[in-house]
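Chains as they are written, first to last, in this note's numbering: chain A, 2 to 402; chain B, 413 to 820. The structure under discussion appears below in the form of structure tokens.
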Amino acid sequence: MAHPIAVLEIGTSEVRVLVAEPREDGLLMITGVGRYPSSGVRKSEVVDFENAKICLKKALLEAEENAQVSIQEIFMVISGDHIRQANNRGTVNVLSPDRIITAEEREDVMETARTLNLPHDQEILHSICGKFYIDDQADGVLNPDGMEGSRLSLDMLILFGQSNRLRNMFRLAEEAALEVTEVAFAGLCCGLSVLTPQQKEVGAILIDLGAGTSDYVVYSDKVIALAGSLGVGGDHVTNDLAAGLNLSTSQAERLKVKYGASMVDLSSRGRRISIPPETGFRAKDVLSRDVNTIIHARMEEVFELIKAQMDKDVKRKNFGAGVILTGGGAQMARIQDLASRVFQMPCHIGYPRDISGLALPSESPEFASTVGMLKYGMRAGASSAKGPFIGNFIRKMFGKP
Amino acid sequence: MTTPLLSESVETLRDPLPILFLTVGHAGGKLIAHLPKRVPELSYVAVDTDQASLAALPYERKILLGESLNGGLGTGGNLELAEQSLAESEDQLYSLFQGFKVVLIVAGLGGGTGGGLGPLLADRAREAGLVVLSALVQPLEAEGGTRRNLAESALSAYREASDSVMLFPLDTLKINEDASMLLSRLLKRCGMEIGRALGGLAVLLRSGWMIPLTLQDVVQTMKRADGYCRLVAVSADGENRVASLLDQLFTHPLIDNGSLLAHSGGIVMGILCGPNTPVAELEKISFEIQRVLRSDADLKIGVAQDDRFGQHVALVVMVAEQWSAKTVPLSVVEAETLKEKQHGEATEGEKEEGYKKLVQPEIELAANAKSKGRFKGIAPTIVEGADLDTPTFIRRGLRLSFHKELSS
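This is the structure in structure tokens:
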């Protein structure tokens with residue numbers, strides 16, 4: 002049997018560890034889940050190392066007990082609004098006398114497009130191939146091999162992030178005696194986890210609504226046209242409710258989860274919600290309309306900002322599959338209606354696909370990123386037990402051979 | 413008790429505004445086929461490229477386009493064919509718009525005629541000097557990606573060519589709890605809602621106003637919303653007519669159970685009633701609706717009275733779906749105009765200051781509530797100069813309702 006793969010996500014609301022075994026039919030069987038409420042993490046970044054470490058160890062222990070394995074190596078999901086994207090076009094001349102483009106030219110142009118001068122405190126996380134362009138053709142192709150031309154260009158989408166913030170995550174894993182095998186951006190992981198090849202082909206906007214950040218990946222014209230992270234998430238909704246209604250953070254969080262909706266529903270316009278007392282905060286009644294007005298304003302802004310970025314950076318806007326939401330925020334009442342309204346297209350909740358075993362991860366959009374990372378790990382042909390696959394990024398960060 | 417907004421008793425109205433109802437394609441024609449019977453004083457013309465479909469429609473005037481190109485068999489979703497069909501019949505169309513001031517185009521978005529030919533007709537109507545209002549039916553989500561992409565392109569084209577676009581998404585009219593709902597029932601429901609809303613709008617625009625609401629009020633308010641709006645009409649009579657009217661409005665599926673109304677930045681509302689309707693009732697309708705709107709919403713209200721409405725009260729509401737720019741409070745515009753008259757044009761700084769003064773008290777009130785909370789002391793999320801860690805409702809100056817603290 003194949004070696005198990007373990008994935009870690011140090012999220013703003015929760016630390017999650019998933020363990021899975023690749024099955025012979027190519028699917029994954031989840032054998033262990035470890036979860037522990039996060040402390041010391043804000044906007045997907047570590048702000049209190051010691052507290053975050055304790056949470057990680059608790060989640061790890063639960064997953065190990067659950068899966069009956071000892072985890073030493075791990076694939077890590079990362080996010081944070083320091084993660085940025087750049088589109089880089091590389092061009093090479095086709096040197097062969099018959100001007101037929103070969104795999105060699107294709108590799109060359111990929112290498113050229115991948116070369117991006119970044120400030121010394123930034124590291125490239127992913128370089129994602131877009132379309133190839135031959136000479137001055139306006140329409141790109143996905144594979145130029147065998148075509149004729151004198152010049153070959155390629156648009157490469159490059160994701161990069163701040164080295165020190167990423168290192169903090171790795172150090173945390175090291176403190177828990179874990180070796181990070183590979184990292185991947187949460188948004189891309191969600192895409193792997195919930196989207197079908199058909200959805201990617203017809204175009205889709207995937208938004209992972211986390212507690213600390215909202216990560217997005219836009220598939221258009223058969224390629225990934227945009228990816229990024231906005232440092233606003235469910236934590237902001239909680240904070241807005243606490244500020245607007247004069248509640249404690251925990252009162253606001255409970256209110257959000259139990260009664261919150263992204264749209265104001267006038268059929269229950271006079272409805273009051275009773276908030277029980279808490280140390281330092283009195284009991285009170287709040288209007289359902291106020292709660293939802295606050296949530297609506299925040300979530301609408303999140304969608305509007307992503308849409309504005311998309312309008313600016315995505316040239317061909319074909320999104321036949323509409324908007325797909327994942328993450329804990331996707332469970333909020335009427336979030337689909339709001340997204341649908343802002344983007345003016347249908348919206349669905351994305352659930353992890355093609356997994357078996359423990360039920361929880363396949364039933365919740367919260368697990369989209371971790372399940373996606375499991376698939377990424379499986380695709381990399383790696384296992385967390387032996388012979389780790391060391392990616393370029395990890396090699397650069399830690400100087401591994 | 414509630415009754416349909418429009419009945420056969422509605423006859424010629426005072427100072428009528430010549431309105432042409434133009435249905436384009438199969439869906440457009442079929443959806444409001446019942447309307448000529450209910451509002452016979454309006455003019456109806458059906459345009460299609462499918463002869464059989466056109467023949468089944470009850471309208472007085474029907475125009476078949478592109479017969480020599482497709483043999484009267486429709487376009488099959490081919491936009492190019494739709495365009496060629498129009499070019500073939502330019503002369504016929506020129507006379508179509510003569511004598512009218514407003515054209516209300518009704519079409520489905522997923523087909524070649526409604527989606528392809530309709531925007532071109534809207535363009536011709538605009539060229540002929542008419543105000544163009546387009547009522548468009550969005551296909552069901554289940555109809556698939558290709559049709560949806562076609563519908564999106566058609567919608568963009570309509571937006572370009574129309575003064576206002578009214579959307580009727582079929583999906584909103586499904587009854588979710590009724591799994592056995594038939595497609596025929598859904599389409600009938602859609603037709604009834606469109607007929608009721610468009611008929612209501614037409615009647616209102618042609619009525620004698622007690623509190624005026626002009627066609628330009630409608631057009632300008634909707635223009636600021638980037639052309640998108642939802643249109644609903646509700647009516648009621650009897651003792652509890654106001655409560656019934658409001659309940660119908662606030663739970664109307666086309667405005668998403670009232671959500672769109674609550675979040676909209678622009679609303680046009682026409683009240684149609686009999687001569688014996690007390691002012692208190694009209695006030696109640698107006699205040700109840702204002703109470704649920706955004707504090708910065710641009711609301712235009714008109715009241716029209718008609719003897720034939722007797723005890724009935726009807727409401728026609730246009731709800732803007734999306735704003736292209738921030739709403740500037742009218743008082744700022746007035747202040748600027750006054751200042752310009754007295755001292756020349758106000759500087760950008762002065763305008764900004766005026767706006768700040770208006771929204772400042774609310775912002776200060778909420779900002780006192782330790783707004784940054786848990787994000788204090790960590791790197792802020794700044795996008796285009798805005799600190800996103802500060803609550804959105806504060807930055808947008810949204811007003812919250814009063815909430816009452818209870819003693820523990």
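Think of the CB as a built atom: it goes at the ideal place given N, C-alpha and C, for glycine as much as any other residue. These figures come from a predicted structure and were not determined experimentally.
- Distance from Gln717/B to Gly686/B at the Cβ level is roughly 7 Å; contact confirmed, criterion being Cβ atoms closer than 8 Å.
- A check of alpha carbon separations from Phe320/A across Ala360/A, Asp286/A, Met77/A, Ser221/A identifies Ser221/A as the nearest.
- Following the DSSP letters along the chain, one finds Gly162/A inside the beta strand (DSSP E) bounded by residues 152-163.
- Only buried fits Lys44/A, as 16 or more other CB atoms lie within 10 angstroms of its CB.
- With a threshold of 8 Å between beta carbons, Val224/A makes no contact with chain B.
- Counting along the chain, Ile325/A sits inside no alpha helix (DSSP H); it lies in the beta strand (DSSP E) bounded by residues 324-327.
- The beta carbons of Arg559/B and Gly530/B sit no closer together than 8 Å.
- The residue from Asp649/B, Gly611/B, Arg706/B with its alpha-carbon nearest to that of Ala547/B is Gly611/B.
- Glu733/B and Arg152/A have their alpha carbons spaced roughly 47 Å apart.
- Each residue's CA atom was taken as its position, placing Gly373/A and Leu339/A some 25 Å apart.
- When Cβ-Cβ separations below 8 Å define contact, Gly131/A makes no contact with chain B.
- Thr239/A and Leu246/A have their C-alpha atoms some 11 Å from each other.
- Bounds of the alpha helix (DSSP H) holding Ile606/B are 595-617.
- Any Cβ of chain B closer than 8 Å to the Cβ of Asn319/A would place that residue at the interface, and such an atom is present.
- Cβ-Cβ distances below 7 Å link Lys285/A to Ile276 in the same chain, with the five nearest sequence neighbours on each side left out; the list follows chain order.
- When beta bridges are read from the DSSP output, Val549/B appears opposite Gly520/B, Phe580/B.
- Assignment of beta-bridge partners to Tyr37/A by DSSP yields Val16/A.
- By alpha-carbon distance to Gly785/B, the top candidate from Gly12/A, Lys132/A, Asp236/A is Asp236/A.
- Excluding its 5 nearest sequence neighbours in each direction, Leu375/A has C-beta neighbours in its own chain below 7 Å: Ile6, Val8, Leu19, Ala21, Leu29, listed in chain order.
- At a C-beta separation below 9 Å, Ile336/A has no neighbours in chain B, since its nearest C-beta there lies roughly 12 Å away.
- Between Thr793/B and Asp82/A, the C-beta gap is smaller than 8 Å, which places the two residues in contact.
- Secondary structure remark: continuous beta strand (DSSP E) runs of at least 3 residues inside the region 468-545 of chain B, in chain order: 473-476, 514-520.
- Not flagged as an interface residue toward chain B: Lys54/A, since no C-beta distance is shorter than 8 Å.
- At a C-beta separation below 9 Å, Thr250/A has these neighbours in chain B: Gly785, Arg786.
- With fewer than three CB-CB distances shorter than 8 Å, the region 48-59 of chain A does not count as touching the region 122-142 of chain A.
- When DSSP states are grouped into helix, strand and coil, Leu810/B belongs to the coil group.
- The contact set of Arg255/A on chain B, defined by CB atoms closer than 8 Å, is empty, because the minimum CB distance reaches about 15 Å.
- Pairwise C-beta distances place the region 615-625 of chain B out of contact with the region 651-659 of chain B, as fewer than three of them are shorter than 8 Å.
- Rounded to the nearest angstrom, the Cβ distance from Leu532/B to Glu495/B is 6 Å, consistent with a contact under 8 Å.
- Leu359/A places its beta carbon 8 Å or farther from that of Ile102/A.
- Listed in chain order, the positions of the region 291-306 of chain A with a beta carbon within less than 7 Å of a beta carbon of chain B are Asp291, Thr294, Ile295, His297, Ala298, Arg299, Glu302, Leu306.
- The beta carbon of Gly378/A lies closer than 6 Å to those of Ile6, Phe76 in the same chain, with the five residues before and after it left out.
- DSSP places Met300/A in the uninterrupted alpha helix (DSSP H) bounded by 289-314.
- Around Leu173/A, the same chain offers Ile11, Val47, Phe50, Ala53, Lys54, Leu57 as residues with beta carbons nearer than 8 Å, after the five sequence neighbours per side are excluded.
- Secondary structure within the region 689-726 of chain B: the alpha helix (DSSP H) runs of 4 or more consecutive residues, fully enclosed, are 691-704 (chain order).
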